[in-house]
DNA sequence: TACATTAAGGTCAAAGATGGTCAGGGGGAG
DNA sequence: CTCCCCCTGACCATCTTTGACCTTAATGTA
């Protein structure tokens, strides 16, 4: 684990996996202390790896007795489908696209093979069009494939 | 070993052979340092000798803790495979692409769901780029998705 | 109650750390 | 002599890490 962000991400995900209810509560300063990093580094990890579209819900509270609470959300296609499409929007970066695929795989909505295909089709070296059009094509490809899968559920 | 590109290629292939899982992770700058060459030389080697069609899957990441990960894809001995890739070529129409997918499904190389994804990703209304580039992008997307499946075979 | 103090967490911009791209030069095989 | 392959360097894109400064909540104290 070359960088800290990944290590912190893993740490939190392990805690979530070990928790019975998929909820974990921690203190920013304490976690920063544990990894000997700036407290704002924790915010960076939360912002890049535990966003709503990735299936996590983060609540915080400041002041004495403050905390950061992270909850794993389950994906309910009938409810979250539209939200996911809105998240993809007209244009999406490779990183965010992959985050969405990672979530769908975690939720077992797509198989490992299907996830690999989705990722492959989103690569920058595959969609050889200049930005910002590449992100637009990626959004279209991703949505088209997801719609195709939707028909089977 | 007259030229450096070959030496670097051999170096990486040796590492892959020695690895138990056919995956090797390295750092571009470090490898360039080892061979006393420009970092971009590594990209040249990757681009010319470790392409998807040659059975290698390359993933990279920038920034702190960045890396280059190379995975050997399992070898598919069938002649059909190579033939299919030649058929796809650099560029392919939607109709011909769909014909290939139909055949893959008949031969049970891909599931019904996967076939639906492949077709969806090849649509002309999805790949909104003007001809002849659309056919080029379609060929790249199709090949990338099929090669991604080789990781599982 | 009002205010001060302490204890959290939040934001954002800048710097650092990698890898990517592309145009162009050099050299050898036909 | 030409073409193709190799190689480099300047400039670009992306991801990480930190630090200075800000906001909010709980608690102590007059």
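Residue numbers (my numbering), protein chains in the order written: chain A, 1 to 153; chain B, 1001 to 1153.
Cβ coordinates follow ideal geometry from the N, Cα and C atoms, glycine included.
Predicted model only: the values in this text are computed from it and were never measured.
Compile a chain-ordered list of the residues in the region 139 to 150 of chain A whose CB is closer than 7 Å to at least one CB of chain B. 140, 141, 144, 145, 147, 148, 149
- Going by beta carbon distance, what residues of the same chain come within less than 6 Å of residue 1068/B, once the five residues before and after it are set aside? Position 68 of the second chain, counted from the first residue, corresponds to residue 1068/B. Cβ neighbours of residue 1068/B beyond the five flanking positions: 1026, 1028, 1060.
Using a Cβ-Cβ cut-off of 8 Å, state whether residue 1022/B counts as contacting chain A.
Walking along the second chain from the start, residue 1022/B turns up at place 22. Chain A contact via Cβ: absent.
Between the CA atoms of residue 1057/B and residue 1192/B - distance to the nearest angstrom: The requested residue 1192/B is not part of the displayed model; chain B covers only 1001 to 1153.
Notebook entry, point to check: residue 9/A versus chain B: which residues are under 9 Å apart at the beta carbon?
Noted result: In the first chain, the residue the question calls residue 9/A occupies position 9. Result: empty, since nearest Cβ-Cβ is about 12 Å, beyond 9 Å.
inquiry  = So the candidates are 1093/B, 1075/B, 1063/B; which of them puts its Cα closest to the Cα of residue 1132/B?
reply    = Within the second chain, residue 1132/B is the residue found at index 132, counting from 1. When each option's Cα is compared against that of residue 1132/B, the closest is 1093/B.
| residue 1140/B versus 124/A, 152/A, 18/A, residue with shortest Cα-Cα distance | Translated into the one-based positions of the second chain, residue 1140/B becomes position 140. Comparing Cα positions, the closest option is 124/A.
Taking residue 1079/B as the query, report the chain A residues whose CB atoms sit under 7 Å from its CB, ordered along the chain.
Sequence index remark: in the second chain, residue 1079/B carries index 79 (1-based). By Cβ distance, chain A contributes nothing, its closest Cβ being about 23 Å from residue 1079/B, past 7 Å.
Any beta-carbon of chain A closer than 8 Å to the one on residue 1137/B?
-> Along the second chain, read from residue 1 onward, the residue named residue 1137/B stands at position 137. So yes, residue 1137/B belongs to the interface.
Taking 8 Å as the threshold (beta carbon to beta carbon), is residue 1075/B in contact with chain A? In the second chain, residue 1075/B corresponds to position 75, counting from 1. Not closer than 8 Å to any Cβ of chain A, the Cβ of residue 1075/B fails to qualify, so no.
Establish whether the CB of residue 1084/B and some CB of chain A are separated by less than 8 Å.
-> The sequence position of residue 1084/B within the second chain is 84, counting from 1. Closer than 8 Å: no.
Practice task
Starting from the beta carbon of residue 1018/B, find every residue of chain A whose beta carbon is closer than 8 Å, and list them in chain order.
Solution key: As a first step, residue 1018/B is located in the second chain; it is residue number 18 there, counting from the start. Ordered by position in chain A, no residue passes the 8 Å Cβ test against residue 1018/B, which lies about 21 Å from the chain.
Task: Neighbourhood of residue 1135/B by C-beta distance below 7 Å, restricted to the same chain and skipping five residues each side - done: Taking the second chain and counting its residues from 1, one reaches residue 1135/B at position 135. Excluding residues within five positions, the ones whose Cβ falls inside 7 Å are 1091, 1092, 1093.
(request) Taking residue 43/A as the query, report the chain B residues whose CB atoms sit under 8 Å from its CB, ordered along the chain. (result) Taking the first residue of the first chain as position 1, residue 43/A is located at position 43. Simply none; closest approach about 16 Å.
For residue 130/A, which residues in chain B fall below 8 Å Cβ to Cβ? Sequence index remark: in the first chain, residue 130/A carries index 130 (1-based). Within 8 Å Cβ-Cβ: nothing; residue 130/A doesn't reach chain B, min ~11 Å.
request  = Answer with yes or no whether the minimum CB distance from residue 68/A to chain B is below 8 Å.
outcome  = If you number the first chain from 1, residue 68/A lands on position 68. Cβ-Cβ to chain B under 8 Å: no for residue 68/A.
- Task: Could you work out which residues of chain B lie near residue 52/A, taking near to mean beta carbons separated by less than 8 Å?
- Result: Along the first chain, one-based indexing puts residue 52/A at 52. Under the 8 Å cutoff, chain B gives no residues; its nearest Cβ is about 23 Å from residue 52/A.
### Task
Starting from residue 49/A, find everything on chain B with Cβ-Cβ shorter than 7 Å and list it in chain order.
Reading the first chain from its first residue, position 49 is the one you call residue 49/A. Neighbours of residue 49/A on chain B: none; closest Cβ ~14 Å, over 7 Å.
query: Along chain A, in chain order, which residues have C-beta atoms closer than 9 Å to that of residue 1028/B?
result: Position 28 of the second chain holds residue 1028/B. Under the 9 Å cutoff, chain A gives no residues; its nearest Cβ is about 13 Å from residue 1028/B.
- Ordered along the chain, which non-local residues of its own chain (more than five positions away) have a Cβ less than 8 Å from that of residue 1145/B? Position 145 of the second chain, counted from the start, is the residue given in the question as residue 1145/B. For residue 1145/B, where only same-chain residues beyond five positions count, the Cβ hits under 8 Å are 1117, 1118, 1121.
Cβ neighbour criterion (16 or more within 10 Å) applied to residue 162/A | Because chain A in this structure spans residues 1 to 153, residue 162/A falls outside the shown range and cannot be described.
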